[in-house]
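The numbers in our numbering rise by one with no breaks, and the one at position 59 of the sequence shown is 39. Positions of the beta carbon are idealized from the N, C-alpha and C atoms, including for glycine.
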Amino acid sequence: MIRHIYLIKLHEGVDVQAAIDKMMSLKEHIPYIKAMECGTDFKHDGNSWEVCEMCTFENREDFIRFGADPYHAEVRKYMADKIKEGAKIDYEV
């Protein structure tokens, strides 16, 4: 399995719940996402990230299909001006 984790800091004033709802819509539109969750940080430490998106895929092929999916491109476009900073990691479970 492949795990994809994306940590996000949003620009000031961005509706956090709307951003999470848009990211979570990926699961509804992309059937090869095996599992998905998003959450917000509650500690707000100086080194904390605001939002975490985690997706699990059965294999690398599904992960590659996810990256190329047109709906994923639509979500990336929606999020582009909302993300101040991001960090990602993709690894085998």
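Query                                                                                                                                                : Result
Determine the closest residue to K64 out of G(-7), Y51 and F43, with distance taken between C-alpha atoms.                                           : G(-7)
Between which two residues does the alpha helix (DSSP H) holding D1 run?                                                                             : V(-4) to H9
Return the residue from the list L(-10), M4 and E72 that minimises the CA-CA distance to E41.                                                        : E72
Could you tell me if Y(-14) is buried or exposed, where buried requires 16 or more neighbouring beta carbons within 10 angstroms of its beta carbon? : buried
Taking the Cβ atom as the reference point for each residue, do T20 and E30 lie within a distance shorter than 8 angstroms?                           : yes
S5 to I13, Cα distance in whole Å?                                                                                                                   : 11 angstroms
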